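Residue 165 in the working numbering is what sits at position 177 of the sequence shown, and the numbering runs on without skipping anything.
Every residue, glycine too, gets a C-beta built ideally from N, C-alpha and C.
Note that this is a predicted model, so its numbers are computed, not measured.
Notes follow once the structure below has been shown.
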Amino acid sequence: MTNTKEHAGDTVSLVYQCRLPLSTRTLTYLADLLRRHLKAIGSRWRALPPGRIAVIVLAVLRHDQRLVDMAGGNDISATTVRRWRDELIALLDAKAARLDRTLKKIAKRGGEVVLIDGTLIPTQRRTGKANRPNYSGKHRRHGLHVLALTDERGCLVWISAARPGRTHDITAARRDRILAHLRAAGLGALADLGFIGLDDDGDDPVVVTGFKATRARKLAPAEREANRILAAGRAPVERGFAHLKNWRILTKLRTDPARATHLLRALLVLTNIEATTGN
């Protein structure tokens, strides 16, 4: 812990060090991305070098550090930190893979199925007309709904646009034309019971969802066993979401929901770099 310059009233600002649990590869990737961008736009000067800027932005994303705190610890303004954050998010968002290319790449390397699921990213409660659409009755809280695909090992490969929290998984999948993209790539998908009704092709279904019991009809032993096997095959998708939500800025989004899609796709790129490094 170090002291910075004194202020009125014999008080000082205290600056402390904090561990950033990320690989050097992630930092290098982000710093190099910024260097290439600065060269492309002809920017000759920044208050801090690209490596320091990358560390500050990663701290904001990973630990959800307040912009004013990061600014004070680096003798810059909060506006500057916000501008750097938005700039790097935009650069990372541009690197996120498109759905059709992602599925074709999986099929090319011999993959047969992907795992699909939806989740809610918590947000602050909205006011006015924006309040109700973002409220999820399933989760009983405000948030944004996102759909994601992982490979068989649980590595995130694609994430959808952020939509109001009340959006249903099937609605999001239809808007993103998931079935058409899967058929074009020759892949299948494993999904939970929330996706029942998405694929009506009984002879050759692309999306496998298992069986759902009702009050009038209980599941047969064979159906229960099929559900158990399907649940085991789908388990890695939760690991993929867990890696994404390690970025604590998603703990409770305070950014404009319209920008949430760019943020999520930027975090997808960083998550995949970390996952590749870990392997």
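Does the Cβ-Cβ distance between residue i and residue j come in under 7 angstroms?
i	j	result
Ala219	Thr197	no
Leu76	Leu256	no
Leu79	Leu21	yes
Pro38	Arg23	yes
Arg13	Thr249	no
Arg222	Leu103	yes
Phe183	Val195	yes
Ile261	Tyr17	yes
Ala95	Ala173	yes
Ala84	Arg203	no
Ala19	Ala42	yes
Val3	Gly61	yes
Leu181	Lys200	yes
Ile158	Leu175	no
Taking just the CA atoms, how far does residue j sit from residue i?
i	j	result
Leu258	Arg236	13 angstroms
Arg73	Val48	8 angstroms
Glu213	Met58	52 angstroms
Arg171	Asp189	12 angstroms
His(-5)	Gly106	Confidence is the limiting factor: at His(-5) the pLDDT is only 48, short of 50, which leaves the residue's position unreliable and the question unanswerable from this model.
Val69	Phe229	27 angstroms
Arg162	His156	10 angstroms
Arg40	Arg34	11 angstroms
Asp244	Ser1	30 angstroms
Leu55	Gly99	42 angstroms
Arg97	Arg7	37 angstroms
Ile44	Val225	30 angstroms
Arg247	Glu211	42 angstroms
Going by DSSP, what residue range makes up the alpha helix (DSSP H) through residue i?
i	result
Val56	Leu55 to Gly61
Trp72	Ala66 to Asp81
Ile29	Thr12 to Ile29
Leu207	Unbroken run through Leu207: none, as it is neither H nor E.
Val45	Pro38 to His51
With a threshold of 7 angstroms on Cβ separation, who are the neighbours of residue i within its own chain once the five nearest residues in sequence on each side are excluded?
i	result
Arg242	Gln112
Ala160	Gly106, His133, Leu135, Ser148 and Arg151
Gln5	none
His25	Leu79
Pro209	none
Arg227	Gly142
Leu10	Leu46, Arg50 and Glu262
Ser31	none
Lys92	Ala173
For the beta strand (DSSP E) holding residue i, just list the boundary residues, first then last.
i	result
Val102	Val101 to Pro110
Gly131	Arg129 to Thr138
Gly176	Gly176 to Leu178
Leu144	Leu144 to Ile147
If you drop the 5 nearest sequence neighbours on each side, which residues of the same chain put their C-beta closer than 8 angstroms to that of residue i?
i	result
His130	Pro110, Thr111, Gln112, Arg113, Arg114, Asn119, Asn122, Tyr123, Ser124 and Gly153
Ala177	Val101, Val102, Leu103, Ile104, Leu137, Ile166, Leu170, Val194, Val195 and Val196
Output needed for residue i: all residues of its chain with C-beta closer than 6 angstroms, excluding positions within five of it in sequence on either side, in chain order.
i	result
Trp146	Leu87, Thr90 and Leu137
Leu238	Ile109
Lys126	none
Asp164	Ser148
Exercise. Does the stretch 121 to 133 touch the stretch 142 to 156, meaning 3 or more C-beta pairs lie closer than 8 angstroms?
Worked result: At 8 angstroms Cβ cutoff, the stretches touch.
For this session: Please determine if the stretch 122 to 141 and the stretch 58 to 69 are in contact, where contact requires at least 3 C-beta pairs separated by less than 8 angstroms.
Result: Pairwise C-beta distances place the stretch 122 to 141 out of contact with the stretch 58 to 69, as fewer than three of them are shorter than 8 angstroms.
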